[in-house]
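Participant: Provided herewith is a single structure, encoded as structure tokens, for subsequent inquiry.
2 protein chains.
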Amino acid sequence: MIDTSYKNEREDAQEILRELRELLRQSEDAQERAGPAPVAAMAEPYQTALRTRLGGLHPAEVASVLEALPLDERLIVWDLVKAEHDGDILLEVSDAVRETLIESMDSEELVAATEQLDTDEIADLAPDLPEDVLEDVFQSLSPEEREQLRAAMSYAEDTVGALMDFDMVSVREDVTLEVVTRYLRRLDELPDHTDQVFVVDRTRRLIGALPISKLIVTDLEVAVSDAMSTEVMKLHPDDEAQDAAQKFERYDLVSAAVVDRAGRLVGRVTVNVVVDYIREKTEDEQLAQAGLREEEDIFSSVWDSVKNRWAWLAINLVTAIIASRVIGAFEDSIEKLVALAALMPIVAGIGGNSGNQTITMIVRSIALGQMQNARILFTKEISVALLNGLIWGAILGLVAFWIYDNPDLGLVMTAAMMLNLVLAAVMGVFIPVVLNKLGRDPALGSSVMITAVTDSGGFFIFLGLATLFLV
Amino acid sequence: MIDTSYKNEREDAQEILRELRELLRQSEDAQERAGPAPVAAMAEPYQTALRTRLGGLHPAEVASVLEALPLDERLIVWDLVKAEHDGDILLEVSDAVRETLIESMDSEELVAATEQLDTDEIADLAPDLPEDVLEDVFQSLSPEEREQLRAAMSYAEDTVGALMDFDMVSVREDVTLEVVTRYLRRLDELPDHTDQVFVVDRTRRLIGALPISKLIVTDLEVAVSDAMSTEVMKLHPDDEAQDAAQKFERYDLVSAAVVDRAGRLVGRVTVNVVVDYIREKTEDEQLAQAGLREEEDIFSSVWDSVKNRWAWLAINLVTAIIASRVIGAFEDSIEKLVALAALMPIVAGIGGNSGNQTITMIVRSIALGQMQNARILFTKEISVALLNGLIWGAILGLVAFWIYDNPDLGLVMTAAMMLNLVLAAVMGVFIPVVLNKLGRDPALGSSVMITAVTDSGGFFIFLGLATLFLV
Numbered sequence: 010m011i012d013t014s015y016k017n018e019r020e021d022a023q024e025i026l027r028e029l030r031e032l033l034r035q036s037e038d039a040q041e042r043a044g045p046a047p048v049a050a051m052a053e054p055y056q057t058a059l060r061t062r063l064g065g066l067h068p069a070e071v072a073s074v075l076e077a078l079p080l081d082e083r084l085i086v087w088d089l090v091k092a093e094h095d096g097d098i099l100l101e102v103s104d105a106v107r108e109t110l111i112e113s114m115d116s117e118e119l120v121a122a123t124e125q126l127d128t129d130e131i132a133d134l135a136p137d138l139p140e141d142v143l144e145d146v147f148q149s150l151s152p153e154e155r156e157q158l159r160a161a162m163s164y165a166e167d168t169v170g171a172l173m174d175f176d177m178v179s180v181r182e183d184v185t186l187e188v189v190t191r192y193l194r195r196l197d198e199l200p201d202h203t204d205q206v207f208v209v210d211r212t213r214r215l216i217g218a219l220p221i222s223k224l225i226v227t228d229l230e231v232a233v234s235d236a237m238s239t240e241v242m243k244l245h246p247d248d249e250a251q252d253a254a255q256k257f258e259r260y261d262l263v264s265a266a267v268v269d270r271a272g273r274l275v276g277r278v279t280v281n282v283v284v285d286y287i288r289e290k291t292e293d294e295q296l297a298q299a300g301l302r303e304e305e306d307i308f309s310s311v312w313d314s315v316k317n318r319w320a321w322l323a324i325n326l327v328t329a330i331i332a333s334r335v336i337g338a339f340e341d342s343i344e345k346l347v348a349l350a351a352l353m354p355i356v357a358g359i360g361g362n363s364g365n366q367t368i369t370m371i372v373r374s375i376a377l378g379q380m381q382n383a384r385i386l387f388t389k390e391i392s393v394a395l396l397n398g399l400i401w402g403a404i405l406g407l408v409a410f411w412i413y414d415n416p417d418l419g420l421v422m423t424a425a426m427m428l429n430l431v432l433a434a435v436m437g438v439f440i441p442v443v444l445n446k447l448g449r450d451p452a453l454g455s456s457v458m459i460t461a462v463t464d465s466g467g468f469f470i471f472l473g474l475a476t477l478f479l480v
Numbered sequence: 010m011i012d013t014s015y016k017n018e019r020e021d022a023q024e025i026l027r028e029l030r031e032l033l034r035q036s037e038d039a040q041e042r043a044g045p046a047p048v049a050a051m052a053e054p055y056q057t058a059l060r061t062r063l064g065g066l067h068p069a070e071v072a073s074v075l076e077a078l079p080l081d082e083r084l085i086v087w088d089l090v091k092a093e094h095d096g097d098i099l100l101e102v103s104d105a106v107r108e109t110l111i112e113s114m115d116s117e118e119l120v121a122a123t124e125q126l127d128t129d130e131i132a133d134l135a136p137d138l139p140e141d142v143l144e145d146v147f148q149s150l151s152p153e154e155r156e157q158l159r160a161a162m163s164y165a166e167d168t169v170g171a172l173m174d175f176d177m178v179s180v181r182e183d184v185t186l187e188v189v190t191r192y193l194r195r196l197d198e199l200p201d202h203t204d205q206v207f208v209v210d211r212t213r214r215l216i217g218a219l220p221i222s223k224l225i226v227t228d229l230e231v232a233v234s235d236a237m238s239t240e241v242m243k244l245h246p247d248d249e250a251q252d253a254a255q256k257f258e259r260y261d262l263v264s265a266a267v268v269d270r271a272g273r274l275v276g277r278v279t280v281n282v283v284v285d286y287i288r289e290k291t292e293d294e295q296l297a298q299a300g301l302r303e304e305e306d307i308f309s310s311v312w313d314s315v316k317n318r319w320a321w322l323a324i325n326l327v328t329a330i331i332a333s334r335v336i337g338a339f340e341d342s343i344e345k346l347v348a349l350a351a352l353m354p355i356v357a358g359i360g361g362n363s364g365n366q367t368i369t370m371i372v373r374s375i376a377l378g379q380m381q382n383a384r385i386l387f388t389k390e391i392s393v394a395l396l397n398g399l400i401w402g403a404i405l406g407l408v409a410f411w412i413y414d415n416p417d418l419g420l421v422m423t424a425a426m427m428l429n430l431v432l433a434a435v436m437g438v439f440i441p442v443v444l445n446k447l448g449r450d451p452a453l454g455s456s457v458m459i460t461a462v463t464d465s466g467g468f469f470i471f472l473g474l475a476t477l478f479l480v
């Protein structure tokens, strides 16, 4: 135990994977040597070893193994594990890999897998399930569970409703802690992440919360109403998930109550779900920034990858063609002074980099609610751009002068750099602020836009100045 | 209570900020009208109102208010709040803002602020404290606490040691749950995030854990050894923080034990610290990707911002100059066929975008431990590049043909696109894999490098082909 926990996580995963692939290979070899029997006796021990090894793994570990295996091996492993925790594993794998797993299962298996899950988990899986499977599962639920499932499926992505579960424990305020303790003992085990039980009145309105740690250290004769805390964080199903996550971070919560508009307790959100949400959001943003529509199954087809990546390339193609036409408009000048062709990408490139720095700052300020100081920020970014333009523009001017022995070219270079950096700063503030005003995520798309502006703008400024003063 | 919790977090923060600034303004106005008395009687009520409003806020809320205020207002607010939770607030603000706050405090205030904190928190603050303050604080600690502080300060950033605290509760295995419960009751309150008490033997070796939820639902006569779970997650102070975070995510932990090489319990890590760590890492990465060395205080000087941003701009300047020299080598060709100047940025630009998509995929695969399949990934990325090159190259070839009425130019364009996309794919796999092999974070720097390669490479390929076949 101690030994394995000392290794780092990635090595662990790598090792499990190596072991499993070795077992898989041996099993296949044995099967091959033995001929076409369904499962040859010779392959049997390896299959058993595989099953045992897999049985000892956490569903999350199995999920990461499945994601790291090529499709054929993935389905063999899936066949061996799916009887037990298939529902949990389906929840853990990425969307693309989940598709390949669900495709390999028949309706009966899917219903069995789904039925093991809590209603909030079924709701997470629902979009990927065939209609008839979902119908069967729905029929197998109790009326209360059906109501929960309907509710859970009705909330939009990125809302608290989509994060919440229904595993909360609630008690009444007029009983003693003794009664609460006896009640809890009757449950076989407390739901995961129960750090507090919620206190509700006759109409299920949330009036307080009793932390478990308080329950343990307080005299059992005390009434709930005296031990409970009434300063309770309350979330609403329609709240933005992002804001709820911020509250968990800020107030170090383990769980939080979700109440409806009338203040009635309808569910709870737990920190593990929030952690997953934060991680997923981050990953989505990283993928989106590189123009990947969604996470790719690394073993999916080339065509799937091309489809996942085409939109961004197409947008960039359009902006690149526009920039190209800006250059095209100055072809006469370039023909007369070909040095312009060599120098123009520098002006455009540094402008793009500087603009992206400004955008990163502004996007952060928007997220942190600091935009009441928009004017100060704007002034500062312009000042930074001017100073940077002076510094880097001067250096580049000297470089241009040195290479082409043309002082005027150097001056034009310096002036163009300054102007393009100021343009980058202006647009670097303007683009995310406008996106935000329009209710869009300023982190997405800003980078592509600023690069388009500083490319075309940089070419125009530099070639324009050169045409005016040099040729 | 219910009402405010319905608002989203950012609106809350905005509103608090607006209110506070209004109070500040009124207080300053009153002070001005009253003349130069230290705190004029007329300003007094506003100051009191401000203090009351601030007193009701969570340290994390005060921190975000401080970050959103210009330096002069920030220090007024800080003066009003610092007596109470100054240590906690200092922990919450960003590094840059913390500097401004610490600068405004004298040694005595700093010692008082620091002394309120736990030893693991003091260690977090230590790098920003003056030597003499740290010495004073150290003297005020008990021998055990000094040992803890020394230990906490000895661990490298990004290790489990840097995340851990010493607030764990531990019990012996040979007592009953009754005894444990009585022991816990003697504590005034359990430490935050105590979801389990750790079970240790005579030598403090960790042998199990007793979940609080188990403690509550189990008969009190049962012995700890019978109720505890022996499958305990054990972290080591030298483990990478990132791997520990992955374990919290994967196994939905609230707390985890930290043991030394001999298996002795030395501390614990809690999920709130992990959440903060995940968020910080993400932010650092985002900043680093845009070439910002650290988070900027938005009210810091222009010069501070320029310093924070210069390194990346300098690197990009160098790569841009190299690309420019590649173009310079083909100036004769451009002079003869000036269309080349207009078309070459397209080839370079799309190559950069496609390369960044590949890099994003590979960095993810490395993080998820999927690189045993490196060859499959490599083949796939090359295939995707060839197919994309065919599609987008053909489109661009047609565009070039259409604009310049030159079929050969179109063919060169198509060929150059294909080659540059393949180059982007090869380097997009190669760069992060090599960075990882060298023990560096493949997420950092990859993007700058791939863009440098696809720019210079794209210009070389396109202009080279054009020189061979067109001019």
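Just so you know, the protein sequences line up as chains A and B, in that order. Per the numbering used here, the very first residue in the first sequence carries number 10; after that it's consecutive. Per the numbering used here, the very first residue in the second sequence carries number 10; after that it's consecutive. Glycine included, each C-beta is placed from N, C-alpha and C at the ideal position. Please read these numbers as outputs of a predicted model, since none were measured by experiment.
Looking at Met-237(B) and Leu-219(B), is the spacing between their C-beta atoms short of 8 Å?
Facilitator: Residue 219(B) sits at position 210 when you count from the first residue of the second sequence. Residue 237(B) sits at position 228 when you count from the first residue of the second sequence. Taking 8 Å as the Cβ cut-off, Leu-219(B) and Met-237(B) qualify as a contacting pair.
Participant: So what's Ile-307(B) in DSSP terms, helix, strand or just coil?
Facilitator: Along the second sequence, read from residue 1 onward, the residue named residue 307(B) stands at position 298. Of the three classes helix, strand and coil, the one that applies to Ile-307(B) here is coil, per DSSP.
Participant: Below 7 Å CB to CB, which residues in the same chain sit around Ala-409(A) once its five sequence neighbours on both sides are set aside?
Facilitator: Start at 1 with the first residue of the first sequence, and residue 409(A) comes out as number 400. For Ala-409(A), where only same-chain residues beyond five positions count, the Cβ hits under 7 Å are Leu-352, Leu-418, Gly-419 and Met-422.
Participant: Give me whichever residues DSSP pairs with Leu-219(A) in a beta bridge.
Facilitator: The residue labelled residue 219(A) in the question sits at position 210 within the first sequence. In the DSSP output, where bridge partners are listed per residue, Leu-219(A) has Val-206(A).
Participant: So what's Val-86(A) in DSSP terms, helix, strand or just coil?
Facilitator: Translated into the one-based positions of the first sequence, residue 86(A) becomes position 77. DSSP places Val-86(A) in helix when its eight states are reduced to three.
Participant: In whole angstroms, what is the alpha-carbon distance linking Thr-476(A) and Phe-339(A)?
Facilitator: Taking the first residue of the first sequence as position 1, residue 476(A) is located at position 467. Taking the first residue of the first sequence as position 1, residue 339(A) is located at position 330. For Thr-476(A) and Phe-339(A), the distance between alpha carbons rounds to 8 Å.
Participant: What residue range does the alpha helix (DSSP H) around Ala-58(B) cover?
Facilitator: Within the second sequence, numbered from 1, the residue matching residue 58(B) stands at position 49. It spans 53 to 64 - the alpha helix (DSSP H) in which Ala-58(B) sits, taken as one unbroken run.
Participant: Looking at C-beta atoms only, is the number of pairs between the region 430 to 438 of chain A and the region 395 to 407 of chain A that lie closer than 8 Å three or more?
Facilitator: yes
Participant: Apart from the five residues just before and just after Leu-494(B), which ones in its own chain have a Cβ nearer than 6 Å to its Cβ?
Facilitator: Residue 494(B) is absent from the model: chain B starts at 10 and stops at 480.
Participant: Please tell me whether Leu-33(A) has its Cβ less than 8 Å away from any Cβ of chain B.
Facilitator: Numbered from its first residue, the first sequence carries residue 33(A) at position 24. For Leu-33(A), the answer is no, since every Cβ of chain B falls outside 8 Å of its Cβ.
Participant: Tell me whether Ser-238(A) sits in a helix, a strand or coil according to DSSP, three-state version.
Facilitator: For the purposes of this step, residue 238(A) is taken as residue 229 along the first sequence, with counting starting at 1. Correct three-state label for Ser-238(A): strand.
Participant: Can you grab the Cα-Cα spacing for the pair Leu-29(A) / Ser-73(A), in whole Å?
Facilitator: In the first sequence, residue 29(A) corresponds to position 20, counting from 1. In the first sequence, residue 73(A) corresponds to position 64, counting from 1. Each residue's alpha carbon lies about 13 Å from the other.
Participant: What would DSSP say about Ser-455(A), mapped onto helix, strand or coil?
Facilitator: The residue labelled residue 455(A) in the question sits at position 446 within the first sequence. Ser-455(A) falls in the helix class under three-state DSSP.
Participant: Quick one, which of Ser-465(A), Asp-248(A), Val-209(A) and Ala-299(A) has its alpha-carbon nearest Leu-274(A)'s?
Facilitator: Along the first sequence, one-based indexing puts residue 274(A) at 265. Checking every option, the nearest Cα to that of Leu-274(A) belongs to Val-209(A).
Participant: Where Gly-488(A) and Glu-249(A) are concerned, what is the direct C-alpha to C-alpha distance, given to the nearest angstrom?
Facilitator: In the structure as shown, chain A starts at 10 and stops at 480, and residue 488(A) therefore has no counterpart that could be examined.
Participant: So, does the region 134 to 142 of chain B touch the region 91 to 108 of chain B, judging by three or more C-beta pairs under 8 Å?
Facilitator: Segments in contact, yes.
Participant: Do you know offhand how far Ala-92(B)'s Cα is from Pro-200(A)'s?
Facilitator: For this step, residue 92(B) is matched to residue 83 along the second sequence. For this step, residue 200(A) is matched to residue 191 along the first sequence. In a straight line, the C-alpha of Ala-92(B) is about 41 Å away from that of Pro-200(A).
Participant: Buried or exposed, going by whether 16 or more other CB atoms sit within 10 Å of the CB of Tyr-260(B)?
Facilitator: Stepping through the second sequence from its first residue, residue 260(B) is reached at position 251. Exposed, since its Cβ has fewer than 16 Cβ neighbours within 10 Å.
Participant: Below 8 Å between beta carbons is the criterion; list the residues of the region 58 to 90 of chain A that meet it against any residue of chain B, in chain order.
Facilitator: His-67, Ala-69, Glu-70, Ser-73, Glu-76, Ala-77 and Pro-79
Participant: For Val-284(B) versus Ser-264(B), is the C-beta distance shorter than 8 Å?
Facilitator: As a working note, residue 284(B) is residue 275 in the second sequence. As a working note, residue 264(B) is residue 255 in the second sequence. No, the Cβ-Cβ distance between Val-284(B) and Ser-264(B) is not below 8 Å.
Participant: Does the beta carbon of Arg-159(B) sit closer than 8 Å to a beta carbon anywhere in chain A?
Facilitator: On the second sequence, residue 159(B) is found 150 positions in, with the first residue counted as 1. Cβ-Cβ to chain A under 8 Å: no for Arg-159(B).
Participant: Rounded to a whole number of angstroms, what is the C-alpha to C-alpha distance between Glu-198(B) and Leu-224(A)?
Facilitator: Translated into the one-based positions of the second sequence, residue 198(B) becomes position 189. Translated into the one-based positions of the first sequence, residue 224(A) becomes position 215. The alpha-carbon atoms of Glu-198(B) and Leu-224(A) are separated by roughly 10 Å.
Participant: Measuring CB to CB, does Ile-221(B) end up less than 8 Å from Ile-221(A)?
Facilitator: Translated into the one-based positions of the second sequence, residue 221(B) becomes position 212. Translated into the one-based positions of the first sequence, residue 221(A) becomes position 212. Less than 8 Å divides the Cβ of Ile-221(B) from the Cβ of Ile-221(A).
Participant: If the cut is a Cβ gap below 7 Å, which residues of chain B does Pro-136(A) touch?
Facilitator: In the first sequence, the residue the question calls residue 136(A) occupies position 127. Within chain B, no residue comes near Pro-136(A); the closest Cβ sits about 23 Å away, beyond 7 Å.
Participant: Helix, strand or coil: how does DSSP classify Val-267(B) here?
Facilitator: On the second sequence, residue 267(B) is found 258 positions in, with the first residue counted as 1. It is a strand residue.
Participant: Please state if the CB of Val-188(A) and the CB of Val-206(A) are separated by a distance shorter than 8 Å.
Facilitator: Along the first sequence, read from residue 1 onward, the residue named residue 206(A) stands at position 197. Along the first sequence, read from residue 1 onward, the residue named residue 188(A) stands at position 179. No.
Participant: So the beta strand (DSSP E) Thr-279(B) belongs to, where does it begin and stop?
Facilitator: One-based indexing of the second sequence puts residue 279(B) at position 270. That run of the beta strand (DSSP E) goes 274 to 279.
Participant: Measuring only between beta-carbons, confirm whether His-94(B) sits less than 8 Å from chain A.
Facilitator: On the second sequence, position 85 is the one that residue 94(B) refers to. So, not an interface residue.
Participant: Evaluate contact between the region 354 to 374 of chain B and the region 288 to 304 of chain A, counting only Cβ atoms and requiring at least three cross-stretch pairs below 8 Å.
Facilitator: yes
Participant: Relative to chain B, which residues along the region 309 to 326 of chain A have a C-beta separation below 7 Å, given in chain order?
Facilitator: If the cut-off is 7 Å between Cβ atoms, the region 309 to 326 of chain A has Val-311, Ser-314, Val-315, Arg-318, Trp-321, Leu-322, Asn-325 and Leu-326 near chain B.
Participant: Buried or exposed for Phe-471(A), going by 16 or more other Cβ atoms inside 10 Å?
Facilitator: On the first sequence, position 462 is the one that residue 471(A) refers to. The residue in question, Phe-471(A), is buried, as its Cβ has 16 or more Cβ neighbours within 10 Å.
Participant: Contact defined as beta carbons within less than 8 Å: I believe Ala-350(A) pairs with Ile-355(B). What is the distance between those atoms, to the nearest angstrom?
Facilitator: Taking the first sequence and counting its residues from 1, one reaches residue 350(A) at position 341. Taking the second sequence and counting its residues from 1, one reaches residue 355(B) at position 346. Going by Cβ atoms, the distance from Ala-350(A) to Ile-355(B) rounds to 14 Å, so no, they are not a contact pair.
Participant: Nearest chain A C-beta to Lys-446(B) closer than 8 Å, yes or no?
Facilitator: Taking the first residue of the second sequence as position 1, residue 446(B) is located at position 437. The Cβ of Lys-446(B) sits no closer than 8 Å to any Cβ of chain A.
Participant: Look at the Cβ atom of Arg-286(A), then the Cβ atom of Ala-254(A), and state whether they are nearer than 8 Å.
Facilitator: Residue mapping note: residue 286(A) aligns to position 277 of the first sequence, counting from 1. Residue mapping note: residue 254(A) aligns to position 245 of the first sequence, counting from 1. The amino acid occupying residue 286(A) in the given sequence is Tyr; Arg does not appear at that position. Yes; because the gap between Cβ atoms is below 8 Å, this pair is in contact.
Participant: Taking 8 Å as the cut-off, decide whether the C-beta atoms of Leu-172(A) and Val-282(A) are in contact.
Facilitator: Indexing the first sequence from 1 puts residue 172(A) at position 163. Indexing the first sequence from 1 puts residue 282(A) at position 273. A contact, by the Cβ cut-off of 8 Å.
Participant: Only counting the same chain, and skipping five residues up and downstream in sequence, which positions put a Cβ closer than 7 Å to that of Met-380(A)?
Facilitator: What you label residue 380(A) is simply residue 371 of the first sequence in a count that begins at 1. Same-chain partners within the cutoff: Ser-374.
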